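S.K.:
If you want it as structure tokens, here you go:
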């Protein structure tokens with residue numbers, strides 16, 4: 032199956048849920064979702080056995096006051112990106128997709144540590160990357176993070 | 006009386022002979038049986054993802070190349086291909102071919118290194134010594150090509166740094182001949198040596214379904230019969246012109262992972278010879294703009310350990326807005342904890358080595374921005390002084 | 003006069019210092035041969051001496067948990083056991099310094115003392131690597147000990163005596179290795195197990211449990227354990243060579259035969275991967291014991307027919 036065909040199938044799977052769909056490159060499909068639809072969309076992909084979760088990227092859209100979270104799914108050369116936005120303040124919260132893709136846990140932990148997104152229902156929230164002495168309220172990948180050496 | 010049995014935890018890491026890099030695993034054992042496993046990363050966390058946001062596109066090339074010492078070229082390739090895509094520039098065919106040659110040489114070096122490490126984990130030190138000795142051949146080739154044994158720095162944005170002279174080609178071909186002959190011996194050893202087979206055959210079996218469930222990639226997935234090889238699925242650089250024949254196995258155990266990685270070496274030898282024979286003529290570098298208009302792209306390449314995933318976002322300046330790196334080990338690491346449960350403690354290092362973990366790759370992102378000390382960068386002497394003061398208290 | 007002779011025997015020759023020096027020399031030969039087989043340069047001749055000298059000067063860290071007295075005492079007992087057993091075997095081709103009926107059993111058990119002490123030393127700390135290592139050491143001890151003992155008793159049965167120098171006198175010139183090939187192989191491989199050499203080095207598998215039972219040991223304690231191991235290497239080689247390879251009359255014969263044996267050990271070591279502890283136990287009880295028992299059956303029947 033060629034790449035545009037694969038992407039088309041993914042697009043059709045998610046037609047009811049997509050707020051917006053775009054093909055930024057030949058091999059890529061970006062679908063914008065409401066956060067509440069994420070579970071359903073991911074469930075549909077898993078049920079259709081469409082690709083695997085490559086990673087989760089968090090983007091800090093400081094100007095818009097939003098955190099954008101990108102779920103990248105890959106099937107062969109085709110890349111499907113599910114984009115959801117959550118407000119930066121007071122506490123950005125999304126729901127875990129670990130019930131569908133258990134191996135998302137590692138990426139969700141990274142997201143929580145680096146961008147301070149609270150991922151509800153994720154099985155494990157223990158520190159994975161940052162040092163034990165790292166302050167709890169500093170999220171290094173946020174654009175306005177103040178990073179300083181702590182005198183312990 | 007009702008007592009809860011005490012958990013007997015065998016820690017592996019952060020410093021442990023089984024790990025060549027720092028990571029921390031905790032295996033709860035009942036006798037010799039592993040009953041639970043957990044992982045903690047971050048001991049080699051250097052803040053590279055954050056650091057890229059404060060550097061320009063060219064500086065980042067050298068920074069990202071240093072994510073990993075073993076697969077540095079592939080990191081640079083993924084980054085270059087991504088940035089070139091953003092800028093709408095295509096590197097000339099000769100440059101793309103040279104990139105692939107270096108990438109395959111790096112794969113040879115990485116797989117031979119892995120063979121040695123895995124043999125050492127199995128307590129087979131003779132194989133370890135021999136494979137590392139032979140690895141020197143490919144290290145010498147890489148040094149002659151690029152001037153470095155690690156962090157080759159072969160890539161430039163828009164091309165490559167050096168040309169392939171006839172003398173270099175001769176040297177590569179001679180080295181490959183030796184290595185090919187040695188690889189035949191290694192295949193014979195790992196498929197027939199009785200004691201090694203006791204440690205590999207049927208150990209850490211990963212089924213085709215588990216590959217899907219755990220999201221495994223690279224040689225680990227290919228050893229379980231899943232064709233996940235981006236050089237075939239989504240040919241980048243010169244792989245479209247010089248296609249590769251993927252190597253897979255169906256058993257999914259450690260022996261299959263040995264065999265898949267070794268057979269991939271033959272494929273690399275063949276491909277390098279083919280490219281050297283039909284090396285396209287032409288320029289080595291295309292011109293790159295300094296600033297790149299706002300856009301996003303995803304660049305995926307096949308590192309020695311599996312799919313390497315780069316998400317790159319530009320914002321119209323000469324610096325990136327965000328670079329996200331997902332290395333293959335991160336995907337495969339989840340499988341270690343799951344496969345380890347129920348296995349023998351003695352098999353754990355083997356299972357761990359089976360996915361060829363690279364912790365430096367995993368751990369990336371936090372730069373030292375000091376506001377209190379008023380300086381952004383420290384000299385070595387200052388850093389040293391800080392360390393001395395810190396421990397004096 | 004006798005007192006002086008005894009003291010010399012105990013402290014200088016053939017016991018004491020001489021055995022220690024010999025042990026370190028053989029350790030060097032082992033390491034050097036191993037390195038050459040693996041295409042490495044290997045250590046220089048004084049490396050084991052330097053290692054021990056360095057360890058002896060280092061601080062000995064005594065863990066807070068576990069019995070400190072035991073921690074200090076076990077290495078001494080282990081080395082003493084190994085050194086004592088040297089008095090009953092024909093080290094360097096000389097006659098055993100002391101001899102009595104049944105010294106074979108005593109010597110073999112003095113050798114096992116080292117392994118036992120290693121296991122106890124591991125169990126005496128709360129370090130998890132040590133505990134797992136101790137379990138493995140003792141498990142392995144119980145698996146190879148019986149077959150190894152039976153293999154060493156084979157020549158004794160043929161000589162109708164339990165006294166080492168009588169067995170050697172009986173075996174002199176008769177290459178038991180051809181008469182009892184199974185016993186010889188079991189003894190040789192048992193020696194690998196006793197010395198915790200590959201493939202039976204699961205008790206100190208560095209990639210799993212760091213240094214096994216001796217993880218907590220440093221400085222003097224570690225040096226003594228290692229010296230004990232070196233001495234055991236020499237004594238093990240001496241006994242197998244004397245029993246199975248037609249005796250060790252005189253220094254040249256001793257050096258030649260033990261070095262040939264050591265070469266065999268190095269060959270096995272360098273060609274195999276490490277066995278898991280369950281595989282080790284399985285191997286010994288499924289094959290080692292059965293084979294050596296079969297050999298015993300043949301021996302007993304043969305002796306019966308002769309008598």
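Protein chains in written order, with this note's numbering: chain F, 32 to 183; chain E, 6 to 398; chain V, 3 to 309.
The beta carbon of each residue, even a glycine, is placed where N, CA and C say it ideally should be.
Quick caveat, the model's predicted, so the values are computed rather than measured.
#1: Does chain V have any CB closer than 8 Å to the CB of residue 37(E)?
#2: Could you tell me how far apart the beta carbons of residue 117(F) and residue 98(F) are, in whole angstroms, since I believe they sit closer than 8 Å?
#3: Against chain E, which members of the segment 209 to 220 of chain V pass a CB distance test of less than 8 Å?
#4: From this set, 182(V), 231(V), 174(V), 100(V), which residue's C-alpha is nearest residue 4(V)'s C-alpha?
#5: Count the other C-beta atoms from every protein chain shown that fall within 10 angstroms of the C-beta of residue 65(E), then say buried if there are 16 or more, exposed otherwise.
#6: Which bits of chain F does residue 318(E) rub up against, with CB to CB less than 8 Å?
#7: Could you tell me which residues DSSP puts in a beta bridge with residue 16(E)?
#8: With a threshold of 8 Å between beta carbons, is residue 104(F) in contact with chain E?
#9: Closest to residue 247(E) by CA distance: which of 224(E), 273(E), 267(E), 233(E) is it?
#10: If I follow the unbroken alpha helix (DSSP H) through residue 342(E), where does it start and stop?
#11: Smallest Cα separation from residue 257(V): which of 270(V), 267(V), 243(V), 266(V)?
#12: Given a cut-off of 8 Å on the beta-carbon distance, is the pair residue 188(E) and residue 263(E) in contact?
#13: Compare the beta carbon distance of residue 309(E) and residue 116(E) with 8 Å and say whether it is the shorter of the two.
#14: Report whether the distance from the Cβ of residue 82(F) to the nearest heavy atom of the ligand MN is below 7 Å.
#15: With residue 258(E) as the anchor, note down where its beta strand (DSSP E) starts and where it stops.
#16: Express the C-alpha separation of residue 107(F) and residue 235(E) in angstroms, rounding to a whole number.
#17: Does the beta-carbon distance from residue 195(E) to residue 256(E) come in below 8 Å?
#18: Helix or strand or just coil, what does DSSP make of residue 122(F)?
#19: Going by Cα to Cα distance, which pick from 146(E), 325(E), 352(E), 318(E) is closest to residue 56(E)?
#20: I need the DSSP call for residue 128(F), collapsed to helix, strand or coil.
#21: At a CB-CB cut-off below 8 Å, which residues of chain F make contact with residue 50(E)?
#22: Using a 10 Å radius around the Cβ and a threshold of 16 neighbouring Cβ atoms, would you call residue 7(V) buried or exposed?
#23: For residue 102(F), list the residues DSSP reports as bridge partners.
#24: Please determine if the segment 190 to 209 of chain V and the segment 157 to 168 of chain V are in contact, where contact requires at least 3 C-beta pairs separated by less than 8 Å.
#25: Would you say residue 57(F) lies against chain E (beta-carbon separation less than 8 Å)?
#26: Of all the CB atoms in chain F, is at least one closer than 8 Å to the CB of residue 1(E)?
#27: Is the distance from the Cβ of residue 108(E) to the Cβ of residue 280(E) below 8 Å?
#28: So, is the C-beta of residue 128(F) closer than 8 Å to a C-beta in chain E?
#29: Could you tell me the distance, in whole angstroms, from the CA atom of residue 277(V) to the CA atom of residue 258(E)?
#30: Are the CB atoms of residue 104(F) and residue 46(E) nearer to each other than 8 Å?
#31: Please list the terminal residues of the continuous beta strand (DSSP E) segment that includes residue 34(F).
#32: In the DSSP assignment, find the unbroken beta strand (DSSP E) run with residue 52(F) in it and report its ends.
#33: Looking at the secondary structure, which residues open and close the alpha helix (DSSP H) in which residue 51(V) lies?
#34: Alpha carbon to alpha carbon, how far is residue 216(V) from residue 344(E)? Give it in angstroms, no decimals.
#35: Drop a sphere of 10 angstroms on the beta-carbon of residue 22(V), count the other beta-carbons inside from all chains shown, and report buried for 16 or more, exposed for fewer.
#36: Comparing the C-beta of residue 171(F) with each C-beta of chain E, is any distance below 8 Å?
M.R.: Reading from the atomic positions:
#1: As a working mapping, residue 37(E) is identified with position 32 in the second chain. At least one chain V Cβ lies under 8 Å of residue 37(E).
#2: Taking the first chain and counting its residues from 1, one reaches residue 117(F) at position 86. Taking the first chain and counting its residues from 1, one reaches residue 98(F) at position 67. Residue 117(F) to residue 98(F), Cβ: 5 Å. Contact.
#3: 209, 210, 211, 212
#4: Taking the third chain and counting its residues from 1, the one referred to as residue 4(V) is at position 2. Comparing Cα-Cα distances from residue 4(V) to each of 182(V), 231(V), 174(V), 100(V), the minimum goes to 100(V).
#5: As a first step, residue 65(E) must be located in the second chain, where it is residue number 60. Residue 65(E) should be labelled buried.
#6: As a working mapping, residue 318(E) is identified with position 313 in the second chain. Those within 8 Å of residue 318(E) in chain F are 90.
#7: On the second chain, position 11 is the one that residue 16(E) refers to. For residue 16(E), which the question treats as bridged, DSSP gives the partners 31(E).
#8: The count along the first chain starts at 1 and reaches residue 104(F) at position 73. Closer than 8 Å: no.
#9: Looking up residue 247(E) in the second chain gives position 242. Nearest option by C-alpha distance: 273(E).
#10: Reading the second chain from its first residue, position 337 is the one you call residue 342(E). Residue 342(E) -> alpha helix (DSSP H) spans 333 to 345.
#11: The count along the third chain starts at 1 and reaches residue 257(V) at position 255. Of the candidates 270(V), 267(V), 243(V), 266(V), the one whose C-alpha sits nearest the C-alpha of residue 257(V) is 243(V).
#12: Here the question's residue 188(E) lines up with position 183 in the second chain. Here the question's residue 263(E) lines up with position 258 in the second chain. Contact flag unset, no.
#13: Locating residue 309(E) in the second chain gives position 304, counting from the first residue. Locating residue 116(E) in the second chain gives position 111, counting from the first residue. Taking 8 Å as the Cβ cut-off, residue 309(E) and residue 116(E) qualify as a contacting pair.
#14: No copy of the ligand MN appears in this structure; indeed no ligand is present at all.
#15: Along the second chain, read from residue 1 onward, the residue named residue 258(E) stands at position 253. Per DSSP, residue 258(E) belongs to no beta strand (DSSP E) and is neither H nor E.
#16: For the purposes of this step, residue 235(E) is identified with residue 230 of the second chain, where counting begins at 1. For the purposes of this step, residue 107(F) is identified with residue 76 of the first chain, where counting begins at 1. Near 7 Å, if we compare the C-alpha coordinates of residue 107(F) and residue 235(E).
#17: As a first step, residue 195(E) is located in the second chain; it is residue number 190 there, counting from the start. As a first step, residue 256(E) is located in the second chain; it is residue number 251 there, counting from the start. Not a contact, by the Cβ cut-off of 8 Å.
#18: Indexing the first chain from 1 puts residue 122(F) at position 91. It is coil, neither helix nor strand.
#19: Here residue 56(E) refers to the residue found at position 51 of the second chain. Checking every option, the nearest Cα to that of residue 56(E) belongs to 325(E).
#20: On the first chain, position 97 is the one that residue 128(F) refers to. Note: residue 128(F) maps to coil in three-state DSSP.
#21: By one-based count along the second chain, residue 50(E) stands at place 45. The answer, in chain order, is 160, 161, 162.
#22: Taking the first residue of the third chain as position 1, residue 7(V) is located at position 5. So residue 7(V) ends up on the exposed side.
#23: Position 71 of the first chain, counting from 1, holds the residue named residue 102(F). Beta-bridge pairing links residue 102(F) to 87(F), 113(F).
#24: no
#25: Position 26 of the first chain holds residue 57(F). For residue 57(F), the answer is no, since every Cβ of chain E falls outside 8 Å of its Cβ.
#26: Any property of residue 1(E) remains undetermined from this structure, which presents chain E solely from 6 to 398.
#27: The residue labelled residue 108(E) in the question sits at position 103 within the second chain. The residue labelled residue 280(E) in the question sits at position 275 within the second chain. It is not a contact, given that the beta carbons lie outside the stated cut-off.
#28: Sequence index remark: in the first chain, residue 128(F) carries index 97 (1-based). So, not an interface residue.
#29: The sequence position of residue 277(V) within the third chain is 275, counting from 1. The sequence position of residue 258(E) within the second chain is 253, counting from 1. Whole-angstrom Cα-Cα distance: 17 Å.
#30: As a position in the first chain, residue 104(F) is number 73, starting the count at 1. As a position in the second chain, residue 46(E) is number 41, starting the count at 1. Taking 8 Å as the Cβ cut-off, residue 104(F) and residue 46(E) do not qualify as a contacting pair.
#31: Position 3 of the first chain, counted from the start, is the residue given in the question as residue 34(F). Residue 34(F) -> not in any beta strand (DSSP E); alpha helix (DSSP H) instead, spanning 34 to 44.
#32: For the purposes of this step, residue 52(F) is identified with residue 21 of the first chain, where counting begins at 1. Residues 51 to 53.
#33: For this step, residue 51(V) is matched to residue 49 along the third chain. From DSSP, the alpha helix (DSSP H) with residue 51(V) extends over 49 to 59.
#34: For the purposes of this step, residue 344(E) is identified with residue 339 of the second chain, where counting begins at 1. For the purposes of this step, residue 216(V) is identified with residue 214 of the third chain, where counting begins at 1. Near 29 Å, if we compare the C-alpha coordinates of residue 216(V) and residue 344(E).
#35: For the purposes of this step, residue 22(V) is identified with residue 20 of the third chain, where counting begins at 1. So residue 22(V) ends up on the buried side.
#36: Against the first chain, residue 171(F) aligns to sequence position 140. Residue 171(F) counts as touching chain E.
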